[in-house]
Amino acid sequence: MNNPSMAVIFALDALTGAVFLLTTLGVVANRQVLASLQLFIAQSLLLTCSAILLGIATNSLHLFAVAAITIATKTVLIPWVLRHTVSIEVYRTREIDRVLNIPSSLLIAAALVVLAYAVANPMLGAVHTPFAKINLPLGIAAMFLGIFTVVVRREAVPQLLGLLALENGVFFAGVAIVPDLPVIAELAAAVDVPVVALVVGMLTRRIHVRLGTTSVGRLIALRED
Amino acid sequence: MTARILYNLLQVIFVIAFAPLVEGVTTKLKENLQSKRGPSIFQPYRDLWKLFHKDEIVSDYTSWIFRAAPYVAFAAPIFVALLIPVLTRYPLFFAFMGDMLGGGFILALGGFFATLAAVDTGNPYGPMGASRTRMVGFLAEPVFIVVFLTVSFVAGSTIPYIVQLRWVTPIASFFEPSHILLMSAFLMLILAEDGRIPVDSPSGAFELAMIERSKSLEYSGRGAALMKWAGAMKFLVLICIFLNVLVTPWGLAAGMQPIEVLIAVPLVLLKILGFILVLVYIESSLAKLRLFRITEFLGAAFVISVVAMITRLSEI
Chain V
2 MNNPSMAVIF ALDALTGAVF LLTTLGVVAN RQVLASLQLF IAQSLLLTCS
52 AILLGIATNS LHLFAVAAIT IATKTVLIPW VLRHTVSIEV YRTREIDRVL
102 NIPSSLLIAA ALVVLAYAVA NPMLGAVHTP FAKINLPLGI AAMFLGIFTV
152 VVRREAVPQL LGLLALENGV FFAGVAIVPD LPVIAELAAA VDVPVVALVV
202 GMLTRRIHVR LGTTSVGRLI ALRED
Chain U
3 MTARILYNLL QVIFVIAFAP LVEGVTTKLK ENLQSKRGPS IFQPYRDLWK
53 LFHKDEIVSD YTSWIFRAAP YVAFAAPIFV ALLIPVLTRY PLFFAFMGDM
103 LGGGFILALG GFFATLAAVD TGNPYGPMGA SRTRMVGFLA EPVFIVVFLT
153 VSFVAGSTIP YIVQLRWVTP IASFFEPSHI LLMSAFLMLI LAEDGRIPVD
203 SPSGAFELAM IERSKSLEYS GRGAALMKWA GAMKFLVLIC IFLNVLVTPW
253 GLAAGMQPIE VLIAVPLVLL KILGFILVLV YIESSLAKLR LFRITEFLGA
303 AFVISVVAMI TRLSEI
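Top line first, the protein sequences correspond to chains V and U. Residue 213 in the numbering used here sits at position 212 of the first sequence, with consecutive numbering throughout. Residue 217 in the numbering used here sits at position 215 of the second sequence, with consecutive numbering throughout.
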């Protein structure tokens with residue numbers, strides 16, 4: 002942390018973290034499916050930035066691999082999969098059905114960020130990289146917000162995006178704690194996540210074809226008894 | 003000592019003189035971005051000139067408040083301009099009189115009188131706009147408070163000059179997450195306070211949809227000119243607080259030489275032009291929100307400011 006280039010990288014990482022949190026809040030509070038998808042892409046790009054910055058700072062090739070895999074799967078592959086499996090009707094719906102209204106879900110989101118910092122603080126004692134101070138709480142916050150998105154949204158694609166935001170949060174925290182993440186773990190995640198997107202996308206397509214909606218809250222009526 | 007008083011007056015003259023220009027440039031750029039020619043950037047000056055030369059008509063049913071309100075609204079931004087760094091990096095003669103909260107109170111006083119004057123007339127649109135302004139106001143208030151609390155907690159002071167020196171000037175703290183978040187929250191606040199597009203349409207002519215502008219519908223002649231000018235000055239003062247205290251404290255005069263202060267004038271105007279470009283982009287790419295969606299917009303601003311406070315508190 003003493004030399005100036007480290008300080009610059011630290012500052013840039015902090016900036017990335019702030020915008021990362023903003024995009025995650027956007028995924029929670031957005032009204033439109035397409036905007037949510039774009040915010041998720043932006044979030045993934047910021048995760049890539051953070052991984053590259055940390056890779057430069059710690060001289061770790063693994064982190065560059067993380068960055069490359071993230072950009073390949075999350076900004077290219079997953080949007081492509083989602084656009085091609087889920088019918089265009091889903092994106093045309095202007096408003097996402099949700100359990101809570103936006104102001105109250107935003108307030109809960111703020112409480113979750115507080116909780117994330119409270120949870121992260123004792124953990125910081127065990128980690129000795131300076132970047133964990135930024136990445137760990139923000140990553141945990143993104144995890145919480147991702148789970149919250151899954152809870153609060155009532156439609157399949159935004160729920161999936163919440164799940165993916167959660168996954169981004171895990172990596173955002175992970176790159177700071179473990180600079181030498183085994184590539185096999187990263188590759189496994191990289192293969193896993195598009196498959197999840199593909200499955201959910203196909204399922205959503207089927208549901209949409211049969212019911213004309215992807216509103217998960219109404220799937221209770223699906224049983225045929 | 004005399005230099006400090008003179009520079010202080012220069013700040014006031016800067017705000018008074020360039021406020022219509024800022025408004026004119028904003029309108030012109032917005033029209034240009036929408037592929038229209040737009041009025042000249044000096045059009046607000048001509049409007050003011052025209053209005054000052056017209057007769058003023060005051061309804062018989064109004065009280066003294068209606069007549070006093072334009073003067074109070076006009077004086078409020080001038081007083082704030084005495085307190086905040088507009089051109090110089092160091093505090094000037096009157097800066098001891100109030101901190102940022104004081105400036106907020108003075109601006110709120112001007113708004114309060116404009117609201118009273120709107121209720122004072124028999125025009126049905128005035129009270130409607132006034133009540134809507136109050137609604138936006140009480141939603142914006144918590145954001146203001148949290149932003150100021152965080153900023154003054156970091157700087158250990160609520161004086162804008164100290165805030166700017168302690169927190170924003172060191173480049174490392176510029177990129178802090180809390181700073182970026184506070185900047186976004188304050189930007190949303192400016193949009194709401196000044197009735198810019200996601201919240202209110204500044205150029206709209208439809209009374210039922212107006213928030214900010216319907217308050218001065220009843221004014222004519224000199225009263226209308228003063229209200230218009232006061233609105234432009236309030237906007238400029240808010241931009242100055244945003245740019246010079248919170249975002250880019252560069253380009254301000256550091257020394258006491260008159261030439262440095264004079265050079266600061268074009269530099270500050272250049273910064274304001276940059277801000278206007280961002281503002282015009284925001285205004286042209288968003289649609290006006292429905293009235294009850296304003297809660298969502300300001301709720302988002304509030305959450306961002308709270309998150310900024312948390313990130314700041316837990317990093318120490």
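Where a beta carbon is used, it is the ideal one built from N, C-alpha and C, also for glycine. Just so you know, these numbers come straight off a predicted model, no measurement behind them.
Where residue i meets chain V, residues with beta-carbon distance less than 7 Å
i: Ala302(U); result: Ala30 and Leu107
i: Ile312(U); result: Val114, Val115 and Tyr118
i: Thr297(U); result: Pro104
i: Ser287(U); result: Here the premise fails: no neighbours, minimum Cβ distance about 12 Å.
i: Ser218(U); result: The contacting residues do not exist; Ser218(U) stays about 30 Å from chain V at best.
Three-state secondary structure (DSSP) of residue i
i: Met2(V); result: Annotation note: pLDDT 48 at Met2(V) (below 50); position unreliable, coordinate value reported separately. If DSSP states are grouped into helix, strand and coil, Met2(V) belongs with coil.
i: Ala255(U); result: strand
i: Glu156(V); result: strand
i: Thr17(V); result: helix
i: Arg99(V); result: strand
i: Thr25(V); result: helix
i: Thr64(U); result: coil
i: Thr152(U); result: helix
i: Thr90(U); result: strand
i: Ile318(U); result: Unreliable positioning characterises Ile318(U) in this predicted model, as indicated by a pLDDT of 49, which lies under 50. The coordinate reading is nonetheless provided below. In the structure shown, Ile318(U) sits in coil (DSSP, three-state: anything other than H, G, I, E or B).
i: Phe208(U); result: coil
i: Val87(V); result: coil
i: Asp122(U); result: helix
i: Ala310(U); result: helix
i: His129(V); result: coil
i: Ser186(U); result: helix
i: Phe177(U); result: coil
i: Pro79(U); result: helix
i: Ser106(V); result: helix
Pairwise C-alpha distance: residue j and residue i
i: Ser218(U); j: Gly233(U); result: 10 Å
i: Thr150(V); j: Ala227(U); result: 49 Å
i: Gly27(V); j: Val263(U); result: 42 Å
i: Arg314(U); j: Val156(U); result: 8 Å
i: Pro80(V); j: Gly202(V); result: 11 Å
i: Met137(U); j: Glu195(U); result: 11 Å
i: Ile1(V); j: Leu151(U); result: Not covered by the structure: residue 1(V). The range shown for chain V is 2 to 226.
i: Arg292(U); j: Ile178(V); result: 44 Å
i: Val210(V); j: Gln33(V); result: 21 Å
i: Met2(V); j: Ile53(V); result: Low per-residue confidence applies at Met2(V): pLDDT is 48, beneath 50, and the placement is therefore not dependable, though the value from the model is reported in the following sentence. Whole-angstrom Cα-Cα distance: 17 Å.
i: Tyr163(U); j: Asn125(U); result: 43 Å
i: Ala5(U); j: Gln166(U); result: 22 Å
i: Leu161(V); j: Ile141(V); result: 18 Å
i: Leu240(U); j: Ala58(V); result: 39 Å
i: Asp62(U); j: Gln13(U); result: 38 Å
i: Arg357(U); j: Ser205(U); result: With chain U covering 3 to 318 only, the question about residue 357(U) has no answer from this structure.
i: Ile318(U); j: Val24(U); result: Residue placement at Ile318(U) is flagged as unreliable, the pLDDT there being 49, under the threshold of 50; the coordinate-derived value follows with that caveat. Approximately 39 Å between the Cα atoms of the pair.
i: Ala157(V); j: Leu109(U); result: 47 Å
i: Ala19(V); j: Phe172(V); result: 16 Å
i: Leu230(V); j: Glu143(U); result: The requested residue 230(V) does not occur in the structure, where chain V is confined to residues 2 to 226.
i: Gly105(U); j: Phe277(U); result: 21 Å
i: Ile261(U); j: Pro5(V); result: 34 Å
i: Asp202(U); j: Glu209(U); result: 12 Å
i: Leu46(V); j: Pro183(V); result: 21 Å
i: Thr25(V); j: Gly223(U); result: 50 Å
Chain-ordered neighbours of residue i on chain U, where CB pairs are closer than 8 Å
i: Val20(V); result: Ile182
i: Leu1(V); result: No answer is possible for residue 1(V): it lies beyond the span of chain V, which begins at 2 and ends at 226.
Those residues which DSSP pairs with residue i across a bridge
i: Arg198(U); result: DSSP, once it has assigned bridges, lists no residue as partnering Arg198(U).
Span of the alpha helix (DSSP H) around residue i
i: Val247(U); result: No alpha helix (DSSP H) holds Val247(U); DSSP gives it neither H nor E.
i: Thr219(U); result: Looking at the sequence itself, residue 219(U) is Leu, so the reference to Thr does not match. Note, Leu219(U): premise wrong, no alpha helix (DSSP H); not H, not E.
i: Asp49(U); result: Gln45 to Phe54
i: Asp193(V); result: Val184 to Leu212
i: Ile53(V); result: Val34 to Thr59
i: Arg6(U); result: Thr4 to Leu35
i: Glu58(U); result: No alpha helix (DSSP H) contains Glu58(U), which DSSP labels as neither H nor E.
i: Thr71(V); result: Leu62 to Thr71
i: Gly276(U); result: Pro260 to Ser287
i: Val165(U); result: Pro162 to Val165
Contact list for residue i against chain V, beta-carbon separation under 8 Å
i: Pro179(U); result: Ala15, Leu16, Gly18, Ala19, Leu22, Ile135 and Leu139
CB contact check: residue i to chain C, cutoff 7 Å
i: Ala12(V); result: Protein chains V and U are contained in the structure displayed, whereas chain C is not.
Chain U residues whose Cβ lies nearer than 7 Å to that of residue i
i: Ala143(V); result: In chain order: nothing, as chain U lies at least about 12 Å away.
i: Ala111(V); result: Val305, Val308 and Val309
Beta-carbon neighbours of residue i, restricted to chain U and to distances below 9 Å
i: Asn122(V); result: Ser316
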